[in-house]
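**Student:** Numbering-wise (the working numbering), the sequence shown opens with residue 235 and increments by one. For glycine and all other residues, C-beta sits at the position ideal for the given N, C-alpha and C. Values in this document were obtained by computation on a predicted structure and should not be read as measured data. Structure below; questions to follow.
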Amino acid sequence: MTYTQTKPLADAVRDDFPILQQQINGKPLVYLDNAATSQKPRQVLNAWRYYYENDNANVHRGAHSLSTRATEAYEAARAKVAQFIGASSPREIVFTRNATEAINLVAYSWGLNNLQQGDEIILSVMEHHSNLVPWQMIAQKTGAILKFVPLTPLETFDIEAYKQLISTKTKLVTVVHVSNTLGCVNPVTDIVTIAHNYGAKVLIDACQSVPHLPMDVQAIDCDWLVASGHKMCAPSGIGFLYGKERILEEMPPFLGGGEMISEVFLDYSTYGDLPHKFEAGTPAIGEAIALGSAIDYLNNLGMDSIHTYEEELTCYLLEKLTNIPRLRIYGPLENRAALASFNVEGIHSSDLATLLDNDGIAIRSGHHCTQPLHHLFKASGSARASLYFYNTREEIDRFVVALRETIDFFSDVLV
Ligand code: 7TS
235 MTYTQTKPLA DAVRDDFPIL QQQINGKPLV YLDNAATSQK PRQVLNAWRY
285 YYENDNANVH RGAHSLSTRA TEAYEAARAK VAQFIGASSP REIVFTRNAT
335 EAINLVAYSW GLNNLQQGDE IILSVMEHHS NLVPWQMIAQ KTGAILKFVP
385 LTPLETFDIE AYKQLISTKT KLVTVVHVSN TLGCVNPVTD IVTIAHNYGA
435 KVLIDACQSV PHLPMDVQAI DCDWLVASGH KMCAPSGIGF LYGKERILEE
485 MPPFLGGGEM ISEVFLDYST YGDLPHKFEA GTPAIGEAIA LGSAIDYLNN
535 LGMDSIHTYE EELTCYLLEK LTNIPRLRIY GPLENRAALA SFNVEGIHSS
585 DLATLLDNDG IAIRSGHHCT QPLHHLFKAS GSARASLYFY NTREEIDRFV
635 VALRETIDFF SDVLV
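Have a look at this one:
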């Protein structure tokens, strides 16, 4: 597979994804649930399989050849992650199970040890539960106070309200880069600059941005950033935390056990160097290596090309959806990522998703782990179509035709 600018990106990559070649309910699968998890190309599946067929051994332990090879491949994957997001060193990358675990690592290691009664944490109302519930837990334990940046009338991050909320009491700002429900792209560089002026640290939840946009953590200057491999063509069970080296050095370990120690005595232990002091126990070695392969795959396509292609596809999707009567899209219509959450008046989102599945079309329905946002919208849930670089205009056409038919069907029933 080599991508050339002369044909749409999806045409060049489609054959790499075996799962997309199937029929669901007698119709070709249209997979539009990429914000939940992406599909995996053959190259990544092969890298994972190659590791288990050739190199499988535990890492950082044995002197034998397999262990050396496994360790080298695992550490090479870490270096690829560092390069992919613009970190200054692989020491700044900690492998975790997923973004949720990475946020909990920061919450329990840094939050529990640095926050006190009356300190403030600023989040936004659009946070995924993964970047909300851990901070509620830490606030309960430390007495810190959670403050929430509201939405603008256009349903984007209200930076003016943020400027009003922040003060010298703010110790942490933790916000999502791209909302998995609203699709808005938040001004993270400005958010960080403002936070640093008040001496606050910043964590960016980049789950929905790292798979889709070129990323440069040094340009953003965030203190931590988290993402999940499974949303960027890698298997589930692997994610990562980026942290500035100086800050990670100061943080105590989150989990204790093997792999993370330097020396162990019966009554105390000393801890390993970065990033190993945060990776207790045998890690997801094959999955980390497959994440490295997913990064090679994305780099080969080019993140700029992926972003440009998805922008075109998103415009097309929004144009089609905004023409459907009684359909309300959440979030802004400009400067947004490749997803659209919506409701159709009088029809439950899960009924829409179930009927679309009859046509082989996979969309998500529910609260997308952003219940507070849905409370704000006075909706129990919404339907969501989310795209990736292997989706096509033809798939969007099929989705929109099936959606219109479904709406007509319900309208007839309701009359
Ligand atoms: N943050 C954001 C913005 C997300 O979209 C998700 C997953 C997470 C954090 C958590 O990722 P995990 O890999 O640790 O579970 N979002 C979704 C979704 O929108 N539908 O299913 C999962």
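Is it true that the CB of L551 sits closer than 7 Å to the CB of I641?
**Tutor:** Not in contact: I641 and L551 (Cβ atoms no closer than 7 Å).
**Student:** Counting only the same chain and skipping the five closest in sequence on each side, list residues whose C-beta sits under 8 Å from that of T556.
**Tutor:** Closer than 8 Å at Cβ, skipping near neighbours: I563, L567.
**Student:** Specify whether the segment 274-285 and the segment 245-253 touch according to this definition: at least 3 beta carbon pairs, one from each stretch, less than 8 Å apart.
**Tutor:** With the cut-off at 8 Å, the segment 274-285 and the segment 245-253 touch.
**Student:** State yes or no: is the C-beta of V436 within less than 7 Å of the C-beta of V426?
**Tutor:** The answer is yes: Cβ separation under 7 Å.
**Student:** Would you say the beta carbon of H362 is closer than 6 Å to some non-hydrogen atom of the ligand 7TS?
**Tutor:** Yes - the ligand 7TS has a heavy atom lying nearer than 6 Å to the Cβ of H362.
**Student:** E545 lies in the alpha helix (DSSP H); which residues open and close that run?
**Tutor:** Counting along the chain, the alpha helix (DSSP H) containing E545 begins and ends at 537-556.
**Student:** If you draw a straight line from the alpha carbon of E389 to that of G433, how long is it in whole angstroms?
**Tutor:** The alpha-carbon atoms of E389 and G433 are separated by roughly 28 Å.
**Student:** Closer than 8 Å is the cut-off here; do at least three beta carbon pairs connect the segment 538-545 with the segment 590-607?
**Tutor:** Counting Cβ pairs under 8 Å, fewer than three are found: no touch.
**Student:** Would you call the segment 324-344 and the segment 503-513 in contact, with 3 or more CB pairs under 8 Å?
**Tutor:** Yes: at least three Cβ pairs fall under 8 Å.
**Student:** Evaluate the contact criterion for the segment 518-528 versus the segment 597-612: three or more CB pairs, one atom per stretch, below 8 Å.
**Tutor:** The answer is no - the segment 597-612 does not touch the segment 518-528, with fewer than three Cβ pairs under 8 Å.
**Student:** Going by DSSP, what residues sit across from A341 in a beta bridge?
**Tutor:** According to DSSP, which records beta bridges pairwise, A341 is partnered with nothing at all.
**Student:** Over the uninterrupted alpha helix (DSSP H) stretch that includes S401, give me the two end residues.
**Tutor:** Note, S401: premise wrong, no alpha helix (DSSP H); not H, not E.
**Student:** Closer than 6 Å by C-beta to F644: which residues in its own chain qualify, once you throw out the five before and the five after it? Chain order, please.
**Tutor:** I581, listed in sequence order.
**Student:** Is A378 near the ligand 7TS, in the sense that its beta carbon is under 6 Å from a heavy atom of that ligand?
**Tutor:** Not under cutoff, so the answer is no.
**Student:** Can you give me the C-alpha to C-alpha distance between P487 and P421, rounded to a whole angstrom?
**Tutor:** So the alpha carbons of these two residues sit roughly 31 Å apart.
**Student:** Please indicate yes or no: does the CB of V410 lie closer than 6 Å to some heavy atom of the ligand 7TS?
**Tutor:** Yes, Cβ of V410 sits closer than 6 Å to a heavy atom of the ligand 7TS.
**Student:** Return yes when the C-beta of A650 is under 6 Å from any heavy atom of the ligand 7TS, and no when it is not.
**Tutor:** What the structure shows of the chain is the stretch from 235 to 649, and residue 650 is not part of that stretch, so it cannot be assessed.
**Student:** Could you check whether the Cβ of Q442 sits closer than 6 Å to any heavy atom belonging to the ligand 7TS?
**Tutor:** Flag set: Cβ of Q442 near the ligand 7TS.
**Student:** Would you say S358 and V383 are within 7 Å of each other, going by their C-beta atoms?
**Tutor:** Yes.
**Student:** Between which two residues does the beta strand (DSSP E) carrying D439 extend?
**Tutor:** Residues 435-439.
**Student:** Helix, strand or coil, according to DSSP, for R562 in the structure here?
**Tutor:** Note: R562 maps to strand in three-state DSSP.
**Student:** Report the rounded CA-to-CA distance for T240 versus T626, giving the unit in angstroms.
**Tutor:** Reliability of the predicted coordinates at T240 is poor, the pLDDT of 49 falling under 50, and the value obtained from them is presented with this limitation in mind. Between T240 and T626, the C-alpha separation is close to 15 Å.
**Student:** Using DSSP bridges, identify the partner residues of N577.
**Tutor:** Beta-bridge pairing links N577 to R562.
**Student:** Between which residues of its own chain and P445 is the CB-CB distance below 6 Å, once the five residues before and five after are set aside?
**Tutor:** For P445, where only same-chain residues beyond five positions count, the Cβ hits under 6 Å are K465, M466.
**Student:** Taking just the CA atoms, how far does I258 sit from L406?
**Tutor:** Taking the straight line joining both Cα atoms gives about 46 Å.
**Student:** Take every Cβ of the segment 302-309, pair it with every Cβ of the segment 481-495, and state whether three or more of those distances are shorter than 8 Å.
**Tutor:** Because the criterion of three Cβ pairs below 8 Å is not met, the segment 302-309 and the segment 481-495 do not touch.
**Student:** Would you check whether the ligand 7TS has a heavy atom nearer than 6 Å to the C-beta of H298?
**Tutor:** No, the beta carbon of H298 sits no closer than 6 Å to any heavy atom of the ligand 7TS.
**Student:** From which residue to which residue does the alpha helix (DSSP H) around K314 run?
**Tutor:** Taken as a continuous stretch (DSSP letters only), the alpha helix (DSSP H) holding K314 covers 299-319.
**Student:** Going by Cα to Cα distance, which pick from P469, G477, A429, G377 is closest to A281?
**Tutor:** Ranking the options by Cα distance to A281, first place goes to P469.
**Student:** Per DSSP, Q257 is paired with what?
**Tutor:** Looking at the DSSP assignment, Q257 forms a beta bridge with P262.
**Student:** Taking only three categories from DSSP, how would you classify L610?
**Tutor:** Correct three-state label for L610: helix.
**Student:** Name the one or two DSSP bridge partners that E628 has.
**Tutor:** According to DSSP, E628 bridges with nothing at all.
**Student:** For the putative contact between T271 and G473, defined by C-beta atoms under 8 Å, what is the C-beta separation to the nearest angstrom?
**Tutor:** Contact doesn't hold; Cβ gap of about 12 Å is too wide.
**Student:** Looking at the unbroken beta strand (DSSP E) that takes in L380, where does it start and where does it end?
**Tutor:** Looking at the DSSP string, the run of the beta strand (DSSP E) that includes L380 is 379-383.
**Student:** Rank I540, E484, V264 by C-alpha distance to the C-alpha of D457 and give the top, closest one.
**Tutor:** Of the candidates I540, E484, V264, the one whose C-alpha sits nearest the C-alpha of D457 is E484.
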